[in-house]
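Colleague: Please see the structure below; I have some questions.
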Amino acid sequence: MRRERLGFRFPVLQLPMVPLKQVMQNWDLYELLNPRNQYLNRITPFEHESDDWYNSLNLNKLWIDYLCTIYKCDVTSITLGSNLCIGKFVSLSSWLSGRQKSLKKCVIFGLVLDSKEISAFLDNCKITRYLLIDRQQSLKIEPIHCNFQMDVLEIHNVTSTDWLSIDTILTSDCIQIMLGNFEFDETDLNRFLKEWINGSNQRLKRFRVIVKDLNLEVLTTKNVDQKKLKLKGGYDIRNNKGVLATFLKTPNPKYPIGTVQFDMVVWE
Numbered sequence: 000m001r002r003e004r005l006g007f008r009f010p011v012l013q014l015p016m017v018p019l020k021q022v023m024q025n026w027d028l029y030e031l032l033n034p035r036n037q038y039l040n041r042i043t044p045f046e047h048e049s050d051d052w053y054n055s056l057n058l059n060k061l062w063i064d065y066l067c068t069i070y071k072c073d074v075t076s077i078t079l080g081s082n083l084c085i086g087k088f089v090s091l092s093s094w095l096s097g098r099q100k101s102l103k104k105c106v107i108f109g110l111v112l113d114s115k116e117i118s119a120f121l122d123n124c125k126i127t128r129y130l131l132i133d134r135q136q137s138l139k140i141e142p143i144h145c146n147f148q149m150d151v152l153e154i155h156n157v158t159s160t161d162w163l164s165i166d167t168i169l170t171s172d173c174i175q176i177m178l179g180n181f182e183f184d185e186t187d188l189n190r191f192l193k194e195w196i197n198g199s200n201q202r203l204k205r206f207r208v209i210v211k212d213l214n215l216e217v218l219t220t221k222n223v224d225q226k227k228l229k230l231k232g233g234y235d236i237r238n239n240k241g242v243l244a245t246f247l248k249t250p251n252p253k254y255p256i257g258t259v260q261f262d263m264v265v266w267e
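Quick note on numbering that gives the first Met the number 0: the sequence shown kicks off at 0 and runs consecutively.
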């Protein structure tokens, strides 16, 4: 580098690291500028421009891969806004399933959920601990087809049984299933209880759903005994293995008038 004040060239790049650091700390930053190139005089176009750094989803994936490589860990949880991820759930599931075997926690929320995309995402990504789907219902969408096999499943702000049917619940394998305001009726819940008695949902410890007020007397008449506990008004049932469960209905002020909270608790 030319030092105009001293009038000689100084071989700065040949210095050891420590002296080089001392020299750099004493530089005058303006001496590093070339006055002839202080203004832009041409643009160099790129033949193939990448938008990875402008696409927040791609950028997040790059950073996640980078950090997980440094710390030698997997992604444990992910939160997806469906409005921001429309059309990208399939690529997300391919990315996740390609880098790890399972995902502990997943939260999906937004105004519109594409049923096919969500089904493909959940089928490709094995979620083990917790799944929350929170959708502000605005458009009619097709039924969701997937097997829920995590410890805890929560679905809120979805009311239509056309999207999530009782058949999907019957084929699930969860410890807790917590549903919001759904259009299940006595027939649906009767099927659920009878299937549980016959051996479905073997890991289930609690099932909760908000439904229109119903008559518990018509749900089932097999192996049912009314029992006075803290769960006032509950009924006891046993499955074919002798496991005891209690179901009851209670008002829930968070939901519309005329609806009740249906709870089923499986005892140890």
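Backbone N, C-alpha and C fix where the C-beta goes; we use that ideal spot for every residue, glycine too.
Just the Cα atoms here: how many angstroms apart are Pro-250 and Thr-258?
Modeller: 7 Å
Colleague: For my contact list, Ile-143 and Ser-118 are in at a C-beta cut-off of 8 Å; report their separation, rounded to the angstrom.
Modeller: 5 Å
Colleague: So who's on the other strand from Lys-204, going by DSSP bridges?
Modeller: According to DSSP, Lys-204 bridges with nothing at all.
Colleague: What residue from Phe-191, Phe-261, Leu-203 has the CA that sits closest to Glu-267's CA?
Modeller: Leu-203
Colleague: Starting from Ile-196, follow the alpha helix (DSSP H) in both directions and report where the run begins and ends.
Modeller: Counting along the chain, the alpha helix (DSSP H) containing Ile-196 begins and ends at 185-196.
Colleague: Name the DSSP beta bridge partners of Ala-244, please?
Modeller: In DSSP, Ala-244 forms a bridge with Ile-236, Val-265.
Colleague: Under the rule that 16 or more other beta-carbon atoms within 10 Å means buried, what is Val-22, buried or exposed?
Modeller: exposed
Colleague: I'd like the span of the beta strand (DSSP E) that includes Val-106, first residue to last.
Modeller: 102-109
Colleague: Out of Val-74, Ile-107, Ser-114, point me to the one whose CA is closest to Lys-100's CA.
Modeller: Val-74
Colleague: Looking at the strands, I want to know which residues DSSP matches up with Ser-76.
Modeller: Lys-104
Colleague: Under three-state DSSP, which class holds Val-157?
Modeller: Coil at Val-157, not helix or strand.
Colleague: Going by the C-beta, is Leu-192 closer than 6 Å to any heavy atom of the ligand NAD?
Modeller: The ligand content of the structure shown is nil, which means the ligand NAD is not present either.
Colleague: Smallest Cα separation from Asp-64: which of Ser-92, Arg-98, Cys-84?
Modeller: Arg-98
Colleague: Quick one: residues in its chain with C-beta nearer than 7 Å to the C-beta of Ser-96, no 5 flanking neighbours on either side, listed in chain order?
Modeller: Asn-123, Cys-124
Colleague: Whose C-beta lies closer than 8 Å to the C-beta of Lys-248 among residues of the same chain, with five residues either side of it excluded?
Modeller: Only Asp-212, Leu-213, Leu-215, Gly-232, Val-259, Gln-260, Phe-261, Asp-262 meet the Cβ criterion.
Colleague: On the three-state DSSP scale, how would you describe Asn-180?
Modeller: strand
Colleague: Taking 7 Å as the cut-off, decide whether the C-beta atoms of Tyr-129 and Val-157 are in contact.
Modeller: No, these two residues do not count as a Cβ contact at 7 Å.
Colleague: Could you give the distance in angstroms between the alpha-carbon of Lys-227 and the alpha-carbon of Cys-67?
Modeller: Note that Lys-227 scores 44 on pLDDT, short of 50, meaning its location in the model is unreliable and no value can be drawn from it.
Colleague: Is the distance from the Cβ of Ile-154 to the Cβ of Ile-132 below 7 Å?
Modeller: For Ile-154 and Ile-132, yes; Cβs fall inside 7 Å.
Colleague: If we count the other Cβ atoms within 10 Å of its Cβ and call it buried at 16 or more, is Asp-113 buried or exposed?
Modeller: buried
Colleague: Per DSSP, Arg-134 forms a beta bridge with which residues?
Modeller: Gly-109
Colleague: Given Lys-87, which residues of its chain have a CB within under 7 Å of its CB, disregarding the five upstream and five downstream residues?
Modeller: Only Leu-56 meet the Cβ criterion.
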